[in-house]
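Colleague:
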Amino acid sequence: MVQGIANWNTEQTEEWLQSYVDDWVAFYRKHTTDGEVASYIPVLQEADPDNLGITIIGKNGITIRSGDDSIPFTMQSISKVLSFIVGCMERGVAYMLDRVDVEPAGEAFNSIIHLEMKQVKKPFNPLINAGAITVTSLLEGKTSDEKLKPILELLEDMLGYRPAINVEVYESERDSSMRNRAIGYYLLEVGFLESDLNITLETYFKQCSIEVTMDDLARIGMILANDGEDPDTQEEIIPRQVARIAKALMLTCGMYDASGKFATYVGIPAKSGVSGGILAAVPPRVREEELPFLDGCGIGVYGPALDDKGNSIAGIRLLRHIAKQWDLSIF
Ligand code: DON
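Quick note on UniProt numbering: the sequence shown kicks off at 1 and runs consecutively.
(1) How many angstroms separate the CA atom of F109 from the CA atom of L294?
(2) Tell me, please, whether the stretch 270-283 touches the stretch 17-24 by the rule of three or more beta-carbon pairs shorter than 8 Å.
(3) Whose C-beta lies closer than 7 Å to the C-beta of A263 among residues of the same chain, with five residues either side of it excluded?
(4) Taking DSSP's pairing of strands, which residues face L155 in a bridge?
(5) Determine the DSSP secondary structure at K324, reduced to helix, strand or coil.
(6) Looking at the structure shown, is S272 part of a helix, part of a strand, or coil, going by DSSP?
(7) Roughly how many angstroms lie between the CA atoms of N198 and I210, to the nearest whole one?
(8) Let me confirm a value: T143 is counted as buried when at least 16 other C-beta atoms fall within 10 Å, else exposed. Which label applies?
(9) Pairs of beta-carbons, one from the stretch 131-140 and one from the stretch 199-219, closer than 8 Å: are there three or more?
(10) With a threshold of 7 Å, establish whether the CB of F109 neighbours any heavy atom of ligand 1.
(11) Taking just the CA atoms, how far does Q18 sit from A94?
(12) For I299, which residues in the same chain have their Cβ closer than 6 Å to its Cβ, ignoring the five residues on either side in sequence?
(13) How is the beta strand (DSSP E) around R65 delimited, first residue to last?
(14) Taking 7 Å as the limit between beta carbons, can you name the residues of its chain near Q241, skipping five residues before and five after?
(15) Looking at C-alpha atoms only, which residue of D69, V43, Q45 is the closest neighbour of V212?
(16) In this structure, how does DSSP classify D175 when only helix, strand and coil are distinguished?
(17) Please say whether S312 and I278 have beta carbons closer to each other than 8 Å?
(18) Straight-line CA distance for E15 to I183?
(19) List, from N- to C-terminal side, the alpha helix (DSSP H) runs of 4 residues or more that fit wholly inside the stretch 227-294.
(20) Taking 7 Å as the cut-off, is the beta-carbon of N129 closer than that to any non-hydrogen atom of ligand 1?
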């Protein structure tokens with residue numbers, strides 16, 4: 001079954017890495033039965049819980065793709081990384097960090113308990129719903145489409161095509177958004193929002209409904225791993241400082257109240273979404289032995305069966321295994 005990498009050397013081919021990853025995906029696919037697809041957004045319930053797939057794109061051009069690789073899915077919370085990046089690019093880092101903190105909340109992604117109990121001056125971080133809705137309110141633009149455009153343009157710069165919004169998911173999300181509306185009204189009451197609440201929420205639901213594939217997430221991860229520069233063209237797509245803050249947030253807050261465990265056992269900046277996607281950025285690392293992807297890589301995972309924190313259950317286990325086998329941890 002799963003083998004080690006004792007005999008790794010740089011002469012080995014892409015196919016050789018591929019055969020390992022194929023074995024690991026087949027093994028961890030069995031773990032999907034330990035989780036459940038998200039149901040609080042009704043359309044997400046239609047996903048096939050058995051699905052599992054991964055794409056790894058190295059800075060050196062090596063691409064490994066395994067499992068269910070052609071299934072499009074919505075970004076959901078992974079979009080929070082993009083909206084924060086766009087906010088920083090539009091308004092500047094200082095402006096954003098004055099209005100949203102960078103501390104792990106240690107609570108569920110849709111909780112506002114700390115906001116109310118601790119009477120904080122700003123939401124804990126941009127990756128929980130309260131922080132992300134605040135970030136979306138800070139984006140330039142008077143309409144949801146104006147606010148969304150730079151997010152789609154940033155994605156187009158990274159992916160080479162402009163992703164679409166899945167209208168069915170958007171409508172399902174909008175029509176089942178009681179919790180996010182409650183969060184929104186609370187944020188409005190305490191004065192954290194800088195745009196109209198309805199436009200902010202409409203933008204937030206649309207950004208969560210942007211449709212991508214594992215390959216797209218791997219490419220975004222690879223550019224983040226490379227501090228915002230596209231390694232193919234040397235073009236700076238995201239300012240280095242912003243890419244670094246995004247990775248720090250992913251590491252400390254990206255898997256919500258499982259972020260500490262993920263940092264400990266996987267050790268890679270990553271962001272999950274309730275559709276089952278995970279975006280991971282593996283920065284270059286220095287090791288004495290020859291290991292795969294020492295120059296860094298981006299990883300996209302799709303596995304819609306979730307654990308009780310809202311993270312892909314088999315996806316996390318697969319990432320943990322690969323990180324251990326290939327020593328991907330940044331620590
Ligand atoms: O706002 C929500 O609840 C969803 N659109 C996104 C939540 C999410 O993806 C949490 N991630 N694990």
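Glycine residues also receive a C-beta, built at the ideal position from the N, C-alpha and C atoms. Please read these numbers as outputs of a predicted model, since none were measured by experiment.
Modeller: Quick answer:
(1) One-based indexing of the sequence shown puts residue 109 at position 109. One-based indexing of the sequence shown puts residue 294 at position 294. Their Cα atoms are separated by approximately 32 Å.
(2) no
(3) As a position in the sequence shown, residue 263 is number 263, starting the count at 1. Taken in chain order, the residues that qualify are L251.
(4) As a working mapping, residue 155 is identified with position 155 in the sequence shown. None; L155 has no bridge partner.
(5) Mapped onto the sequence shown, residue 324 falls at position 324. Here K324 sits in helix by DSSP.
(6) Within the sequence shown, the letter at position 272 stands for residue 272. Here S272 sits in strand by DSSP.
(7) Against the sequence shown, residue 198 aligns to sequence position 198. Against the sequence shown, residue 210 aligns to sequence position 210. In a straight line, the C-alpha of N198 is about 19 Å away from that of I210.
(8) Working through the sequence shown from its first residue, we reach residue 143 at position 143. Label assigned to T143: exposed.
(9) Output reads yes: the stretch 199-219 touches the stretch 131-140.
(10) Counting from one through the sequence shown, the residue named residue 109 turns up at place 109. Yes, the Cβ of F109 comes within 7 Å of a heavy atom of ligand 1.
(11) One-based indexing of the sequence shown puts residue 94 at position 94. One-based indexing of the sequence shown puts residue 18 at position 18. Roughly 43 Å between the two C-alpha positions.
(12) Here residue 299 refers to the residue found at position 299 of the sequence shown. So the list reads I56, A218, G221, A280, once near-sequence residues are dropped.
(13) Walking along the sequence shown from the start, residue 65 turns up at place 65. Element bounds for R65: 63-67.
(14) Counting from one through the sequence shown, the residue named residue 241 turns up at place 241. Answer for Q241: V93, listed in chain order.
(15) Looking up residue 212 in the sequence shown gives position 212. Here the closest residue by C-alpha is D69.
(16) Taking the sequence shown and counting its residues from 1, one reaches residue 175 at position 175. D175: helix per DSSP, three-state reduction.
(17) In the sequence shown, residue 278 corresponds to position 278, counting from 1. In the sequence shown, residue 312 corresponds to position 312, counting from 1. It is a contact, given that the beta carbons lie within the stated cut-off.
(18) Within the sequence shown, the letter at position 15 stands for residue 15. Within the sequence shown, the letter at position 183 stands for residue 183. When the Cα atoms are used, E15 and I183 turn out to be separated by approximately 48 Å.
(19) 240-253, 259-265
(20) Position 129 of the sequence shown holds residue 129. Yes.
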